[in-house]
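Take the sequence shown: its letters are residues -44 to -1, 1 to 64, numbered as in mature numbering (1 follows the signal peptide of the UniProt record, and there is no 0). Don't be surprised by glycine CBs; every beta carbon is placed ideally from N, CA and C.
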Amino acid sequence: MAAVQRSSPVPRRAAAAAAAAPPPLLLMAVALLCLAAQTKTAMGAGNCTDDITSLAACAPFVLPGASAPNSQCCSALGSVERSCLCSTLNILTSLPSSCSLSPVRCST
């Protein structure tokens, strides 16, 4: 009988790890949530961190090809203080510069 050669599990593991890697937009959403703690301090707002953290419910809906947001996401977004959201988005857009990277320019 001829010996059956088995392929190494390493390529499969590498492929699985690559498939499991979060998309860049999801990483940006996580960065947004991390910035919430800094935003609270910067703004002096009482619940900015809680407001922005509640937007984690919207993470699945910010990816290309995602379905329409569910009621939990819409409710969380509706309860966020607008000044908190704007401040956090401004901080997020300044991150590349703070990291000595080229600014991100998005077209619609």
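Output yes or no for whether 9 Å exceeds the beta carbon distance between residue i and residue j.
{"i": "C4", "j": "S43", "result": "yes"}
{"i": "D7", "j": "C40", "result": "yes"}
{"i": "S10", "j": "S27", "result": "no"}
{"i": "residue 80", "j": "L33", "result": "What the structure shows of the chain is the stretch from -44 to 64, and residue 80 is not part of that stretch, so it cannot be assessed."}
Give the DSSP-derived three-state secondary structure of residue i in the structure shown.
{"i": "T(-4)", "result": "The predicted position of T(-4) is uncertain, since its pLDDT is 49 and thus under 50; no value can be drawn from it."}
{"i": "L57", "result": "coil"}
{"i": "L19", "result": "coil"}
{"i": "N46", "result": "helix"}
{"i": "A13", "result": "helix"}
{"i": "P25", "result": "coil"}
{"i": "S35", "result": "helix"}
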